[in-house]
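Student: Here the sequence shown stands for residues 129 to 570, numbered as in the working numbering.
Note that beta-carbon positions come from the ideal geometry of N, C-alpha and C, so glycine has one too.
Please read these numbers as outputs of a predicted model, since none were measured by experiment.
This structure is in structure tokens; I'll ask about it shortly.
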Amino acid sequence: MTAKRMRCALLAATAWLLNVAAADEAPLTTADKRKVVEQLGTTLEANYVFADKAKGITATLRAHLDAGDYDIASDKKALARVLSEDLVKATGDLHFFVGVDPTFVADFTARKDPVRAAALRQQERRDDARENFGFTDLRQLEGNIAYVGLSHFADPELAYDAAAAAMRFIENSDAVIYDLRYNNGGYLEMAQLLARQLYGGDKDRALFDYYYNEDARRIERGQWVLPALPAGRLTGKPVYILTGSTSFSAAEWFAYSLKKLGRATLVGETTAGGAHPVDRRPVDADFFVQVPIGQIRDPVDHGDFEGKGVTPDHAVASADALAVAHRLALADLARADPARQAEVDWFAPILAARAKPVILPPAELRLLAGRYEGRRIELVDGKPSYVWRERFRLALEPLGRDLFAIEGVSDFRLRIVRKHGRIAALERINRDGTTQSYARIG
129 MTAKRMRCAL LAATAWLLNV AAADEAPLTT ADKRKVVEQL GTTLEANYVF
179 ADKAKGITAT LRAHLDAGDY DIASDKKALA RVLSEDLVKA TGDLHFFVGV
229 DPTFVADFTA RKDPVRAAAL RQQERRDDAR ENFGFTDLRQ LEGNIAYVGL
279 SHFADPELAY DAAAAAMRFI ENSDAVIYDL RYNNGGYLEM AQLLARQLYG
329 GDKDRALFDY YYNEDARRIE RGQWVLPALP AGRLTGKPVY ILTGSTSFSA
379 AEWFAYSLKK LGRATLVGET TAGGAHPVDR RPVDADFFVQ VPIGQIRDPV
429 DHGDFEGKGV TPDHAVASAD ALAVAHRLAL ADLARADPAR QAEVDWFAPI
479 LAARAKPVIL PPAELRLLAG RYEGRRIELV DGKPSYVWRE RFRLALEPLG
529 RDLFAIEGVS DFRLRIVRKH GRIAALERIN RDGTTQSYAR IG
């Protein structure tokens, strides 16, 4: 963490334990444990967001040590585990975590060497590039609505090109959905970069302000929407953010601030409630502590959501949030422009089938198979396909008992016409409302 970049992330203890380097398993003496506790206390006093409470927390850890509570911690990982538990109990802050990782400690020290720091930075870039800098999914949904899936907020110094490409991908959309349901946080500067696209550049707009401690120095900063932008703006266009119980830290701040500013509608579940930015600091030669280092304040009433989470505007199960947000977006666009109501009606069966897939019994599908004028429906591995001119074949997706969407086709669909209980024809329904009918043959 430097004064230029603010990380606000959840780092799961299990993930750290799976990835840390192997530690010396020699039994720890009481003197070893006391040294770790004292150095941990010094680190907390220099970096913990509530510096006035750090001494009391250290005293609590010492009391546990003196009472023999750490006698069962015979190795470093065991000590790290009980220290993590006691830090969380003492503070109520789930960000706290103590781990064993000599490599991290060595790299932390090595960053003082410009050559080594540059090499580590390149490795960080390569690692994040393998995850596409957090941009897991970009799509254009029905109705010209953009979908942006984000697993985390990468450092924009490394991820700028990926972010710019994503922003250009969605710049011509009529609305945008950001999916942060499984986003564990990251760098607030990425949130700042993405938020730029949602506002005009004609006036200043505060997103949040914050302070943090860094080696006993208090640093205060604010983040604003800046005028420079690598893509077209989405000014005034509807914005929806999907949230879940695992949305954490910077992801929560992106949702919370845009909700406070009236710029986004939140759909999903209440978030985890991790408002404090964090950093990792070495403790002794093998340990590190993940410590909350600051507080962030929203731009409206200067509050936060620590321990409470961010409440969505539309509370639904996270698994259903995308379908609900998509329907909301289409409805909002139609309200703004009634001429689009026909478009909403056209997409309604698709969205309904996506939320609750239609499954037709095999016997019903067998009845559909057969020849129609100039085309046919046949079953391939038990699934219906539409074939015409004896060379084109596309899969059919049931939208109802007699209504089918066609793979890769958005401007028409097919309906089965029944007369006197029997299938009489195949009807093509065009998006403009016109139809063509193809009689059943045989």
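Take residue 525 and list the residues in its own chain whose beta-carbon comes closer than 6 Å to its own, dropping the five residues that flank it on each side.
Tutor: Correct list, in chain order: 533.
Student: Which residue wins for smallest C-alpha separation from residue 286, given the options 563, 536, 318?
Tutor: The candidate whose alpha carbon is nearest that of residue 286 is 318.
Student: Counting pairs of Cβ atoms below 8 Å between the stretch 220-231 and the stretch 401-414, do you hit three or more?
Tutor: Result yes; three or more Cβ-Cβ pairs closer than 8 Å.
Student: Taking all protein chains shown into account, decide if residue 294 is buried (16 or more other Cβ within 10 angstroms of its Cβ) or exposed.
Tutor: By the 10 Å Cβ count, residue 294 comes out buried.
Student: List the whole-angstrom C-beta distance separating residue 278 from residue 308, where the pair is believed to meet the contact cut-off of C-beta under 8 Å.
Tutor: About 6 Å separates the two Cβ atoms, so the contact holds.
Student: Cα separation between residue 467 and residue 300?
Tutor: When rounded, the distance between both Cα atoms is 19 Å.
Student: Could you spell out the range, first to last residue, of the beta strand (DSSP E) harbouring residue 512?
Tutor: Taken as a continuous stretch (DSSP letters only), the beta strand (DSSP E) holding residue 512 covers 511-516.
Student: Taking Cβ to Cβ, would you say residue 453 is nearer than 9 Å to residue 368?
Tutor: Yes. Within cutoff.
Student: Express the C-alpha separation of residue 359 and residue 164 in angstroms, rounding to a whole number.
Tutor: The straight-line gap from Cα to Cα measures roughly 49 Å.
Student: Any contact of the stretch 370-388 with the stretch 433-441, i.e. 3+ C-beta pairs under 8 Å?
Tutor: Enough Cβ pairs lie closer than 8 Å, so yes.
Student: Assign residue 509 to buried or exposed, taking buried as 16 or more other Cβ atoms, counted over all protein chains shown, within 10 Å of its Cβ.
Tutor: Result: exposed.
Student: Taking residue 579 as the reference, give the member of 347, 569, 461, 565 with the closest Cα.
Tutor: A query on residue 579 cannot be resolved here, the shown segment of the chain reaching from 129 to 570 and no further.
Student: DSSP state of residue 421, grouped into three classes?
Tutor: In the structure shown, residue 421 sits in coil (DSSP, three-state: anything other than H, G, I, E or B).
Student: Here's a check: name, in chain order, each residue in its chain whose Cβ is nearer than 7 Å to the Cβ of residue 192, leaving out the five neighbours to either side.
Tutor: Same-chain partners within the cutoff: 198, 214.
Student: Suppose only complete runs of 4+ residues qualify. What are the alpha helix (DSSP H) ranges in the stretch 232-291, listed by chain order?
Tutor: Listed in chain order, they are 242-257.
Student: My understanding is that residue 441 touches residue 394, with C-beta atoms under 8 Å, so please give their C-beta distance in whole angstroms.
Tutor: Rounded, the Cβ-Cβ distance is 5 Å, consistent with contact.
Student: Which residue from 480, 161, 471, 446 puts its Cα closest to that of residue 208?
Tutor: Nearest C-alpha to residue 208: 161.
Student: To which residues of the same chain is residue 565 closer than 6 Å at the C-beta, ignoring the five residues directly before and after it?
Tutor: These residues qualify, in order along the chain: 553, 555.
Student: Leaving out five residues before and five after residue 275 in sequence, what residues of the same chain have Cβ atoms less than 6 Å from its Cβ?
Tutor: For residue 275, where only same-chain residues beyond five positions count, the Cβ hits under 6 Å are 267, 269, 305.
Student: Mind the definition here: the stretch 469-486 touches the stretch 416-435 only if three or more C-beta pairs lie below 8 Å; say whether that holds.
Tutor: Touching, no.
Student: Within the continuous beta strand (DSSP E) that includes residue 558, where are the two ends?
Tutor: 550-558 is the span of the beta strand (DSSP E), which, as asked, contains residue 558.
Student: Can you tell which of 562, 343, 339, 344 has its C-alpha closest to the C-alpha of residue 351?
Tutor: Comparing Cα positions, the closest option is 339.
Student: Just confirm the distance between the C-beta atoms of residue 428 and residue 479, as a whole number of angstroms; I'd bet it's less than 8 Å.
Tutor: 33 Å between Cβ atoms; not a contact.
Student: For a test of the three-state rule: what should DSSP assign to residue 331, helix, strand or coil?
Tutor: Residue state, collapsed to three classes: coil.
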